[in-house]
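Visitor:
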Amino acid sequence: MRQRPRDYLRRVGALVSLAALPEDIDPTLYIDLDQRSVLRLDRARSALGAQLGPMWEGMRSLRGYERCIFAAFAAQMANNLPLARDIINDLAVSYVRARNEKRAALINSVRAQKALHEYGNTEAVKRICSRHAHKRLVLVSMFEAAKANGVFPSAWFGWLKTVDRTTWYALNDLGLDVASAEACGIRAHWQAEKMAKAPIVNPLIEPALDGLKSYLEELIDVEEDD
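Going by our numbering, the residue at position 4 of the sequence shown is 16; the numbering climbs one at a time, nothing skipped.
In structure tokens:
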């Protein structure tokens, strides 16, 4: 289950009680929400920026299972839907063993290398990779292109949620009007890069922060009020 924005912000230390606020803190670094709690803007920005994750440095920057997911997306983009499905099925099967042995490195598909060899360097793939600075953003655009070429629900790789929640929500949220709190920084930066058609290194997450602020200002925290 996705975290509510309030729960997420509490977890990352951005939503704190007014009493816990340092007396000497710069007033521009927080917002007083309800005379009981405050939003630490500095911590919220840091958390949203951290969602972007590692930089994209080519295929070598991807973990084994990420490389396989990338390969499945590339195969689907190239109209080899059966190969894409086979890779996804391999990952689901291997995940069971990986979970039992607590070794994410076991999540793999031997067919992924074939897909990467045949489709990992197409013009469409190279264009996507050239327009993003972070690997999670590359995966989101690869998934967007794969979905545009046929059915590819995120439920097919639902195991990813237990391995990397942030990447899972970034992919799962694709197509939804509102991104989850756990990946809204990725959505904001991704949209900025889509508009620029170029990689952007520094996090552009203000739209995500604005959305979280609006949520906090408009919705009552039922748990606290109870």
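Glycine included, each C-beta is placed from N, C-alpha and C at the ideal position.
1) On the criterion of 16 or more Cβ atoms from any shown chain inside 10 Å, does Val108 qualify as buried, or is it exposed?
2) Is the beta carbon of Pro171 sitting closer than 8 Å to the one on Ala104?
3) From the DSSP output, in three-state form, read off Arg143 for me.
4) Since Leu27 sits in a beta bridge, which residues does DSSP pair it with?
5) For Met67, write down the residues that DSSP places opposite it in a beta bridge.
6) Cβ of Arg48 within 8 Å of Cβ of Ser29?
7) What are the boundary residues of the beta strand (DSSP E) that includes Asp222?
8) Quick one: grab the DSSP three-state call for Pro17.
9) Check whether the Cβ atoms of Asn161 and Met89 lie closer than 8 Å to each other.
10) Would you tell me roughly how many angstroms separate the C-alpha atoms of Ala127 and Leu93, rounded to the nearest one?
11) Relative to the C-alpha of Ile99, which candidate in Leu41, Phe164 and Ala145 has its C-alpha closest?
12) With DSSP as the reference, identify every bridge partner of Tyr42, one or two as the case may be.
13) At the level of alpha carbons, what is the spacing between Trp12 and Ala157?
14) Could you have a look at Gly197 and say whether DSSP puts it in helix, strand or coil?
15) Just reading off the alpha helix (DSSP H) that Glu78 is part of, what are its end residues?
16) Leaving out the 5 sequence neighbours to the left and right, which residues in its chain are closer than 6 Å to Ala191 when beta-carbon positions are compared?
17) Express the C-alpha separation of Asp102 and Leu269 in angstroms, rounding to a whole number.
18) Quick one: grab the DSSP three-state call for Val108.
19) By how many angstroms is the C-alpha of Arg139 removed from the C-alpha of Lys114?
20) Of the residues Ala31, Arg14, Pro34 and Arg55, which one's Cα is nearest the Cα of Ile217?
Guide: Taking the structure as given:
1) exposed
2) Note that residue 171 corresponds to Trp in the displayed sequence, not to Pro. Yes; because the gap between Cβ atoms is below 8 Å, this pair is in contact.
3) coil
4) Leu51
5) His146
6) yes
7) Taken as a continuous stretch (DSSP letters only), Asp222 belongs to no beta strand (DSSP E), being part of the alpha helix (DSSP H) at Glu218 to Glu230.
8) helix
9) yes
10) 11 Å
11) Phe164
12) Arg52
13) The question about residue 12 has no answer here: the residues shown for the chain are numbered 13 through 238.
14) helix
15) Gly76 to Met89
16) Asp185 and Arg199
17) Given that the chain is displayed from residue 13 to residue 238, the structure contains no residue 269 and the question cannot be resolved.
18) helix
19) 36 Å
20) Arg55
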